[in-house]
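The block underneath contains the structure these notes are about, expressed in structure tokens.
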Amino acid sequence: ESSIGSRVSVMTVPTAMFPLQSALLPGEDLPLRVFEPRYSALVADCLATDDPAFGVVLIARGREVGGGDERHRVGALARIESCADHGDGRYHLECRVRERFRVLEWLTDAPYPRAVIEPWPDEPGELEPAAVASVEDDIWVLLSTLARTRGIQLRGRDSIFGGLPPEDGNRLYALASRVPIGAADKYDVLAAPGPVQRLAVLREAVETVTAIVRFQLSED
18 ESSIGSRVSV MTVPTAMFPL QSALLPGEDL PLRVFEPRYS ALVADCLATD DPAFGVVLIA
78 RGREVGGGDE RHRVGALARI ESCADHGDGR YHLECRVRER FRVLEWLTDA PYPRAVIEPW
138 PDEPGELEPA AVASVEDDIW VLLSTLARTR GIQLRGRDSI FGGLPPEDGN RLYALASRVP
198 IGAADKYDVL AAPGPVQRLA VLREAVETVT AIVRFQLSED
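Basically the numbering used here = 1-based index in the sequence shown + 17.
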């Protein structure tokens, strides 16, 4: 049974891990070019399974290449959707980010980073539809402002927000992925226990970016 099965198997079977310098949210696409030998081995091992997936976590300190990095303890599983093998351990992957997890224990990095993890579904909490609609409005205003300042044509609102997941928690992930926020803010969105906390984190991040944009415009 793969490490993405029941909680018991997840807690006892090591999961391959790919630390990155960016935070990924459930529902996002993740293209990867792999060339470092340890991650080439990770990809080869994943492709040999029925469900080729690995964990992605944000690096807290350090670099992606060379090891010796410090890592955050909340991440998400990324499933390999397609793989182009260019030989000599070089791969081009197209992955889809799935459910999040918490790291219970980091294991040795030989032959590549691994960890014991457990799934972390959203903790209970319901949002008023008006609260989610309000942050959507704020995001739309921000995106519209950025488009005007950069002289680009913004797609219609229905196109940008169309097809969002109906569940509050996943909808907020999808909204956060459409906002130009930094890795730390994006990680805070991922690590929020449930939709209520996630909404508060996302709203604060949107307000911060909006304030920065408005300040820059006032300086021009």
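Beta carbons are placed, not taken as given, at the ideal position from N, Cα and C, and that holds for glycine.
Query, Result
"Collapsed DSSP secondary structure at A222 in the structure displayed", "helix"
"Residues that DSSP places opposite R113 in a beta bridge", "D46 and R96"
"R50 to S39 span [Cα, whole Å]", "14 Å"
"Endpoints, beta strand (DSSP E) assigned at V73", "A70 to R78"
"First through last residue of the alpha helix (DSSP H) which encompasses T32", "Here T32 belongs to no alpha helix (DSSP H); instead the beta strand (DSSP E) covers T32 to L37."
"Beta-carbon proximity check, R96 vs R115, cutoff 9 Å", "yes"
"Assigned exposure category for D175 - 16 Cβ within 10 Å defines buried", "exposed"
"Buried or exposed by the 16-neighbour rule on C-beta atoms within 10 Å, applied to I134", "buried"
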